[in-house]
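J.:
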Amino acid sequence: MISANDSNSQSSIEDTDEESNISDDTKIPYEMTGDEIDIPAINVVPAKELLLDTQRLSKYIQEGDEIAAARLASQFAAQNIRLQAKALQKQNDEASFAIQVQLDGDEYGIDQNGGKFPIDVFRFTKVRELRAAFEFAYQYPPSNQYFFVNGCLAHDDSTMKDLNVGPNSLFILFVLSYPRTFNRTGPWTCSACNTRNNQHQQRCLTCTAKPTD
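Quick note on full-length UniProt numbering: the sequence shown kicks off at 1 and runs consecutively.
(1) For a test of the three-state rule: what should DSSP assign to residue 162, helix, strand or coil?
(2) Need the endpoints of the beta strand (DSSP E) that residue 117 sits in, please.
(3) Please confirm whether residue 134 and residue 96 have their CB atoms less than 8 Å apart.
(4) Enumerated in chain order, which unbroken segments of the beta strand (DSSP E) with a length of 3 residues or greater are wholly contained in the UniProt domain "RanBP2-type" (184-213)?
(5) Per DSSP, which residues does residue 104 bridge with? Please list them.
(6) Decide if residue 154 is buried, meaning its Cβ has at least 16 other Cβ atoms within 10 Å, or exposed.
(7) With DSSP as the reference, label residue 145 as helix, strand or coil.
(8) Does residue 132 pass the burial test, meaning 16 or more other C-beta atoms within 10 Å, or should it be called exposed?
(9) Can you check which of these residues, 75, 138, 191, 175, is closest to residue 148 by C-alpha distance?
(10) Could you name the residues of the same chain whose beta carbon sits closer than 7 Å to that of residue 127, not counting the 5 residues immediately before and after it, in chain order?
(11) With DSSP collapsed to three states, give me the class of residue 132.
(12) Note down, in chain order, each residue of its chain lying with its Cβ closer than 7 Å to the Cβ of residue 197, except the 5 sequence neighbours on either side.
(13) According to DSSP, residue 97 sits in a beta bridge with which residue or residues?
(14) Can you say whether residue 62 is buried or exposed, counting buried as having 16 or more other CB atoms within 10 angstroms of its CB?
(15) By how many angstroms is the C-alpha of residue 162 removed from the C-alpha of residue 73?
(16) Let me make sure I understand the geometry here. Which of 209, 171, 140 has the alpha-carbon closest to that of residue 151?
(17) Can you grab the Cα-Cα spacing for the pair residue 199 / residue 139, in whole Å?
(18) Are residue 104 and residue 173 close, meaning C-beta to C-beta below 8 Å?
This is how it looks when you write it as structure tokens:
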């Protein structure tokens, strides 16, 4: 005869056995047991470094350096950088050089605020790569970016070689954003330098700042 105590003991043993049979894969991760899920922060990569790293990855693949290529590809994947595989073409000139990019547009989201800053490129770097770099680094949609060089709009598929640019060549990046409308009926005063401007003046004549009212 099995007593009530023996029955309870057997039931406890069976429950313990069932818990021990649960695999580690079915257990809820520690990070998901709290109120929030622990998601690693994504580091923002400057456009200059992104362009150089993309070219380095291509070079590692061509040279068969699988360790360096795998390390850099893993770094891209961890930062959610999207790459598109294309047919490789021989590049005779691997040396990078710096171009100057100056921002223009109706608003600025980059701290340079209209100033020039250098970006390292290669002879075969395309304009679309510049757009992609600025999209990733500064969240500017490619369709809102317009690069001008030597007074002409640069086509997406044009390379630095096609555009006949070299070290310190100046690119104007016009960033299109939602325009602000001002209902001014008279002269306005610049908030930056206190210059009095005509009502039809879109920028301050003294410091080129835009009206804030």
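Yeah, the Cβ is synthetic: ideal placement off N, Cα and C, and Gly gets one too.
T.: Quick answer:
(1) Within the sequence shown, residue 162 is the residue found at index 162, counting from 1. Looking at residue 162 - three-state DSSP - the assignment turns out to be coil, as it is neither helix nor strand.
(2) Taking the sequence shown and counting its residues from 1, one reaches residue 117 at position 117. Per DSSP, residue 117 belongs to the beta strand (DSSP E) from 116-121.
(3) For the purposes of this step, residue 134 is taken as residue 134 along the sequence shown, with counting starting at 1. For the purposes of this step, residue 96 is taken as residue 96 along the sequence shown, with counting starting at 1. It is not a contact, given that the beta carbons lie outside the stated cut-off.
(4) none
(5) The residue you call residue 104 lines up with position 104 of the sequence shown. BP columns for residue 104 point to 174.
(6) Taking the sequence shown and counting its residues from 1, the one referred to as residue 154 is at position 154. Residue 154 comes out buried.
(7) Taking the sequence shown and counting its residues from 1, one reaches residue 145 at position 145. Residue 145 falls in the strand class under three-state DSSP.
(8) Counting from 1 along the sequence shown, the entry for residue 132 is found at position 132. With 16 or more Cβ atoms within 10 Å of its Cβ, residue 132 is classed as buried.
(9) As a position in the sequence shown, residue 148 is number 148, starting the count at 1. Minimum Cα distance to residue 148 is reached at 175.
(10) On the sequence shown, residue 127 is found 127 positions in, with the first residue counted as 1. Taken in chain order, the residues that qualify are 147, 154, 155, 156, 158.
(11) Numbered from its first residue, the sequence shown carries residue 132 at position 132. If DSSP states are grouped into helix, strand and coil, residue 132 belongs with the helices.
(12) As a working mapping, residue 197 is identified with position 197 in the sequence shown. Same-chain partners within the cutoff: 187, 188, 190, 204, 205.
(13) The residue given as residue 97 occupies position 97 in the sequence shown. DSSP, once it has assigned bridges, lists 121 as partnering residue 97.
(14) Counting from 1 along the sequence shown, the entry for residue 62 is found at position 62. Exposed is the call here.
(15) In the sequence shown, residue 73 corresponds to position 73, counting from 1. In the sequence shown, residue 162 corresponds to position 162, counting from 1. Roughly 29 Å separates the two Cα atoms.
(16) Within the sequence shown, the letter at position 151 stands for residue 151. Closest option to residue 151, Cα to Cα, is 171.
(17) Residue mapping note: residue 199 aligns to position 199 of the sequence shown, counting from 1. Residue mapping note: residue 139 aligns to position 139 of the sequence shown, counting from 1. Using only the alpha carbons, I get a separation of about 33 Å.
(18) On the sequence shown, position 104 is the one that residue 104 refers to. On the sequence shown, position 173 is the one that residue 173 refers to. It is a contact, given that the beta carbons lie within the stated cut-off.
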